[in-house]
Amino acid sequence: MKSIRTLIALITVPLCLFSCSNAPKSETSSTPSYQSSDEPPVGGIKPKDEAFKSDGEYDVDLTQLSSSMVYAQVSDMMNYPDNYKGKSVKANGTFAYFKDDNTGNEYFSVVIKDATACCAQGLEFVLDGNYTYPKDYPAQDANITVTGNFDYYTEGDYRYARLTNAKMDVGQLSW
Numbered sequence: 000m001k002s003i004r005t006l007i008a009l010i011t012v013p014l015c016l017f018s019c020s021n022a023p024k025s026e027t028s029s030t031p032s033y034q035s036s037d038e039p040p041v042g043g044i045k046p047k048d049e050a051f052k053s054d055g056e057y058d059v060d061l062t063q064l065s066s067s068m069v070y071a072q073v074s075d076m077m078n079y080p081d082n083y084k085g086k087s088v089k090a091n092g093t094f095a096y097f098k099d100d101n102t103g104n105e106y107f108s109v110v111i112k113d114a115t116a117c118c119a120q121g122l123e124f125v126l127d128g129n130y131t132y133p134k135d136y137p138a139q140d141a142n143i144t145v146t147g148n149f150d151y152y153t154e155g156d157y158r159y160a161r162l163t164n165a166k167m168d169v170g171q172l173s174w
């Protein structure tokens with residue numbers, strides 16, 4: 000009985016591994032192509048020629064994604080910032096403020112949580128104009144929507160992403 004089970008396993012495992020597709024290898028691709036369609040992938044970035052549309056569209060609109068997808072998209076933005084530099088971004092989450100006592104620098108961010116709210120990604124923003132904390136900003140953890148241009152900078156040995164020329168609205172989250 001044991002030898003029959005072993006024989007079945009030896010036959011079925013290779014079949015499962017090598018029978019995934021009947022298409023020739025040249026016809027399969029591990030990288031999806033969006034060039035044949037005018038529509039970008041859902042939640043993905045739009046082609047450069049569509050940047051900064053006046054009708055309220057953004058290159059990366061994180062408000063249209065589920066909380067899990069938002070977290071994944073922001074992680075991609077942090078890991079591959081060159082792909083997003085200069086893109087218009089819209090995001091919502093909770094407001095966070097930090098002041099570095101050593102340098103005196105102030106940092107403002109929209110904190111985006113995943114579906115289980117156990118993990119969070121902060122996206123720093125710099126408002127367009129002259130604003131003073133706390134007078135011109137909401138309370139910590141207030142729900143905000145921020146729009147701006149994706150950029151990054153270096154402080155010491157670290158690179159940080161941020162939205163520049165940003166505008167902020169205080170209100171409800173879309174997800």
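Heads up, the sequence shown is in numbering that gives the first Met the number 0, so the first residue is 0 and it goes up one at a time. Positions of the beta carbon are idealized from the N, C-alpha and C atoms, including for glycine. These numbers come from a predicted model, not from an experiment.
In the DSSP output, which residue or residues are listed as bridge partners for residue i?
i, result
"N91", "T144"
"T131", "T131 pairs with nothing; no bridge assigned."
"S108", "A95, E123"
"D175", "The displayed coordinates of the chain run from 0 to 174. Any statement about residue 175 would go beyond what the structure contains."
"D150", "R161"
Does residue i come out as helix, strand or coil in the three-state DSSP assignment?
i, result
"N82", "helix"
"T102", "coil"
"K52", "Residue confidence for K52 is low, a pLDDT of 46 falling below 50, so the modelled location carries little weight and cannot support an answer."
"Y136", "coil"
I'd like the span of the beta strand (DSSP E) that includes residue i, first residue to last.
i, result
"N164", "157-169"
"A119", "119-126"
For my contact list, residue i and residue j are in at a C-beta cut-off of 8 Å; report their separation, rounded to the angstrom.
i, j, result
"G85", "F149", "7 Å"
"P80", "Y151", "5 Å"
"G128", "V88", "About 18 Å; that fails the 8 Å criterion."
"Q139", "A90", "The pair is not a contact, with the Cβ atoms about 17 Å apart (cut-off 8 Å)."
"D113", "Y70", "4 Å"
"L122", "S108", "6 Å"
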